[in-house]
Each structure stands twice: as structure tokens, then as C-alpha cells.
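One structure below.
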Amino acid sequence: MPLTSRDLIKRSLTVEISAILTFLALWEAVARFKLLPAYALPSIEEVVAALYSQAALGNLTYALPHSLLHLALGFAAAFAVALPLGMAMGWYRTAQRFFEPLIGIFRPIPPIAWIPFALLFFVSLLQASAFIIFIGAFFPLVTNIFFGFRNVPKQLAEIAHSFGASEREILLKVAFPSALPSVLTGVKVGLGVAWMCVVAAEMFGAPGLGFMIMQMRYVHDIAGVVAYMAVIGALGLLLEFLVKLLERKLLKWKIGLVAEGI
Amino acid sequence: MKPEIIADSLVKRFNDLLVLNHVSFNVYPGEFLCIVGPSGCGKSTLIRILLGLEKPDEGRVEIHGHSPNPRMCKCIGYVPQDDALFPWRTVLKNVLFGLELKNENGEKALEKAHQTIKMVGLSGFENYYPHQLSGGMRKRVALARAVAVDPQILLMDEPFANIDAQTRALLQVELMNIWSRLRKTVVFVTHNVEEAVFLADRVLVLTKRPAKVKAEIPIELPRPRKRLSPQFISVRERIIRMLKEEVSI
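Chains A and B, in that order, are what the protein sequence lines are.
Counting in the numbering used here, the first sequence runs from 1 upward without gaps.
Counting in the numbering used here, the second sequence runs from 1001 upward without gaps.
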């Protein structure tokens, strides 16, 4: 029987937790025995203190919702463009041939390279940073959605056809559910990349976690830098976990999804 | 009696490969027709032409006087070679699929689906997903899905292939029971001669590719048929000999 989302939460996380503890112990050992200079690697204690003071100053609580807003705007826009585009490319050969070369050219350009363009083109910093995140999320989304619709099993479409389904009905009742696992993979990867782009998207002054990392760097507060890095890492983990819960809920029909661990 | 399906001199080529070479036959209302032939002879292509999934290069098909067009004629139920169940739908939802497309929803459709599921012996499995079912159970769901919309004609393309012999024999008996209750017109493609003799009113033997009709053999044995009766064995052997001629030439 497939695991439900509740099982996933309840499941013992012994191995996972020991991995994190091992990492923290190594970090603490390197910092305590001064294997790396203190200005390059702060101790856990210093990072926790920096995190606490950033929270107490209100910096963290100010930056966090801004970053989440950038993520939400950029990702939502990317999904809104990638879904119809990926569907069209997967379903119509001509659409695939038209868009594939364009995607091929644009995909290798890293989101950071778009910053000057974003600053020129968009009036507000909010839009500009959402745009950088859009670039990060868009390509994993569109390629996975395309893949999902390209690989709809022909026999299933033919069954629908034999029942007299129209093309719209085949798309809705056969292609979409069949492509859903790939769409969700796109969401998972796209969201991960989008979150990684938060630092790049806020490098040029839009408030947020990325901006705070740059600020901490300017004042040579390495503990502060690591504190914000840790927040970004922890939130990324949380986001991925949420998408996995969604996956489990929507794809409980899928064989092997939950065969061995996450 | 007026034929329900007329296949008139069908020719089909895939590029330069001639698959069907003027295949003609009629199917009469309520009849169970089995089509046997050496593997790769174009049996599946024939079914796909009847369904309107392929167009013949020459010749024509008439079903109730129309050329096959699922949009116009929703009177055909199709059971494909691999069961092709929708993996994201439960047994019940799979059976409801055709009814949904006919805009039959609510209590009546549900009632119909439950009845059909009961008829194929899957009561209690309504909420299972296909990957949780055995091969034989999946075949039953595929049959239920096709029958639920109450089609006049059932087209079955080697529906019991890849099933162990015991389950296969059982499915054949169940199909006979269902057919004698519903009296659909059935076109059943198989390469298993025993299966054909067990099921059919008439067996159409095709030659190897390019397929022509080699013989039409009415099976006049009373039902339920005994696979070990001398008459059964003699018809079976006759058809097997015909097929052997095709393979050994």
C-alpha cells in the first residue's frame, strides 16, 4: 500500500537527523580547533547568535516575506507561461519545432546574466527580482511539462477516441492526468531552482534574504552571512517537503512512487 | 438478415508493406465472430480500421450503414490488446469513463457502473487502482469499461493475450456468460485457435501477410462448449492445419 502523507510525517527520521547532526559536529570541530581561520568559518554558536540578533532587530522578519513574495510572483508567472507552452509543444509537433530552438538558445543563459536587462526593462525592483526568479523556474517547468504531454500513452488516447471523445476531452481527461507526474516534477525542480535564484534576484537592492547576505558581507559579518544562508537552506528544504506532500496526495495512483523512502 | 458490419475489399499498406490484401467479410447482429491468423498478419490493423483509428487505402467499412467515425457512432466498445486502463483512475472511475463522455453523470451512471463491475465479478474492488490488480482482473475492468456504455458492437483485439492459461480459460467462460446475457455483436481477434473455437459462432481464418480471408468456418457446436469433445477437437485441428499451411509456405 502506498504511504499516505500522514505516514510520511510520522515516519522515524533517525537516519536523516543523524546526517544533519554529523554535519553540525564536523562544522563545530573545524571551527573549535581553528582548522580554518575564524573570519572564514564562524562557529555554530556565533551563527545562532547572529540569527537571533537579526531576528531581534527585525531584519529577518522583514527580509523573509519579501523573498517569499519574489518567489511566489516569479514562480507563478513562470508556471502560467510554461503550462500552456509545454502543453502545446507536447501535443502539437509544429509547436514543438517552433519553440524548441528558442528554448535551446535561452536556457543556457544563467539567471544572473539577466540582471542588467531586468533593471533596464522593469520599473520596480519587485518586478525585476521576480523576473530573475521567473527565468530560474521557467526552463525546468517548461521542459518537464513538455515531456509529460509528449509521452501521453497513445493507447490511452485511442481508448478515449473510441468512446467518441473530442480533442479537448482527450486533452483534459487523458493527457492532463497522464502528464501530471511530469508537471509535478517540473514544479519540484523549478521551485528549487527559483529559490536558489533568490540571492541573485536580490543582489541589486530588492529587500530580502539575498539582499541581507550582501549586506552582512559588506560589514564583514561572516556569522550573519552564514545565518542567512542557513535560513535559505532550511526554507528550501521545507518547500521541497511541501511539494512532496502534494505529489503524494495527487499521485497516490502511481506505482513505485513510494517504494523505498522519499 | 442485414449485416451490422460490412468490410468490403479492404487494402492497407504501411509504406511499401502490403498488410491487408482485399479482405472482405460481414458481421451479423448478435454474432460472435473470431478472426484468427498467423501473428503479424494484420489482425490488429483490421480492428483499428473498424474503429476508425486507421483509414483503409482501398475498400470500405460500413457500420450500421456509416463509415467508422467514433464522433458519429458511439455504438462501439473497444477492448485493446494491452488493457490500457487509466492508471490514475480507480476501477469504478475507469468504468465510468465512457459514461462521463456521454455526459451521463450522477446516480444513474453510478448504478450502471456498479452493475457492470458486478457482472465482471469485481464487486468490492471499485476503489482499487489498476496497479493493485492482477492481470486477469485488469482484463475484466477493460471489458467492463467497454460494456458500460452499452454499445451494440464490441471490438476485442487479443484481449486475453499475456494471461496465464488457467485465468484465460476462466475469462473465456465469463465472456461467454456475459455475451449470452447482453447479446452484443462481437468481433474478437486472437491467434489462439482453441479460444476462437470456444467462443465463436463463426471463425474467419486469415492468411499470412498480406492477409486475405482464407476460410470462413461456422462453429455449430452447442454452448457451453466442451474443449475435450471430439467435435471441438476436430474443428480446432482443422483450423490449426490451415494456419500451419500458412506458416510453412
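Ideal placement from N, C-alpha and C gives every residue a C-beta, glycine not left out.
Within 8 angstroms, do at least three Cβ pairs link the segment 98-109 of chain A to the segment 152-163 of chain A? Counting Cβ pairs under 8 angstroms, fewer than three are found: no touch.
Short CB-CB distance (under 7 angstroms) between L1129(B) and chain A: Position check: residue 1129(B) holds Tyr in this sequence, whereas Leu was assumed. Chain A, which has a Cβ nearer than 7 angstroms to the Cβ of Y1129(B), makes this yes.
Could you tell me the alpha carbon to alpha carbon distance between D1016(B) and L1053(B), rounded to whole angstroms? C-alpha separation (whole angstroms): 20 angstroms.
CB contact below 7 angstroms: I159(A) versus chain B: Chain B, which has a Cβ nearer than 7 angstroms to the Cβ of I159(A), makes this yes.
Helix, strand or coil at P2(A) [DSSP, three-state]: In this predicted model, P2(A) has a pLDDT of only 49, less than 50, meaning its place in the structure is not dependable; the value taken from the coordinates is given anyway. In the structure shown, P2(A) sits in coil (DSSP, three-state: anything other than H, G, I, E or B).
L250(A) at chain B interface by Cβ criterion, 7 angstroms: Not closer than 7 angstroms to any Cβ of chain B, the Cβ of L250(A) fails to qualify, so no.
Strictly under 7 angstroms for the Cβ-Cβ distance: is Q155(A) near chain B by that measure? By this cut-off, Q155(A) is an interface position.
Quick one: is Y228(A) buried, meaning 16 or more other Cβ sit within 10 Å of its Cβ, or exposed? Result: buried.
Other residues of its chain near A200(A): CB distance less than 6 angstroms, five sequence neighbours each side excluded: If we look at A200(A) and ignore the five residues flanking it on each side, its Cβ neighbours are P111, I112 and I132.
Using a cut-off of 8 angstroms between C-beta atoms, extract the partners of G1098(B) located in chain A. Neighbours of G1098(B) in chain A, taken as residues at a C-beta separation under 8 angstroms, are given in chain order as F163.
Uninterrupted alpha helix (DSSP H) stretches inside the segment 1033-1070 of chain B (no shorter than 4 residues): The qualifying runs are 1043-1051.
I1035(B) vs V1197(B) beta-carbon contact at 7 angstroms: Not closer than 7 angstroms, so no.
When we look at the beta-carbon of H70(A) and count the other beta-carbons within 10 Å, is it buried (16 or more) or exposed? The residue is buried, with at least 16 neighbouring Cβ atoms inside 10 Å.
Where does L141(A) land, buried or exposed, given buried means 16+ other C-beta within 10 angstroms? Label assigned to L141(A): buried.
Could you tell me whether the segment 1012-1029 of chain B touches the segment 211-221 of chain A, where touching means 3 or more Cβ pairs closer than 8 angstroms? Touching, no, given that fewer than three Cβ pairs across the two stretches are closer than 8 angstroms.
Can you round the beta-carbon distance between I1049(B) and L1155(B) to whole angstroms, since I take them to be within the 8 angstroms contact cut? Rounded to the nearest angstrom, the Cβ distance from I1049(B) to L1155(B) is 10 angstroms, too far for a contact under 8 angstroms.
Give a yes or no on whether the minimum CB-CB distance between E247(A) and chain B is below 7 angstroms. For E247(A), the answer is no, since every Cβ of chain B falls outside 7 angstroms of its Cβ.
Let me know if T94(A) comes out buried or exposed under the rule of 16 or more other beta-carbons within 10 Å of its beta-carbon. Classification of T94(A): exposed, given that the 10 Å Cβ count is below 16.
List the residues of chain B that R169(A) touches, going by C-beta distances under 7 angstroms, in chain order. Checking the sequence shown, residue 169(A) turns out to be Glu, not Arg. Residues of chain B passing the Cβ test: L1101.
Are the C-beta of L1051(B) and some C-beta of chain A separated by less than 7 angstroms? Yes, because at least one Cβ of chain A sits closer than 7 angstroms to the Cβ of L1051(B).
Pairs of beta-carbons, one from the segment 147-161 of chain A and one from the segment 197-217 of chain A, closer than 8 angstroms: are there three or more? The way I'd put it, the segment 147-161 of chain A doesn't touch the segment 197-217 of chain A; fewer than three beta-carbon pairs between them come closer than 8 angstroms.
In chain order, what residues of the same chain lie with their CB nearer than 6 angstroms to the CB of N1026(B), ignoring the 5 residues before and after it? For N1026(B), same chain residues with a beta-carbon under 6 angstroms away, outside a window of 5 residues either side, are P1003 and I1006 in chain order.
With which residues is Y1078(B) paired in a DSSP beta bridge? Answer by DSSP bridge pairing, in chain order: L1155(B).
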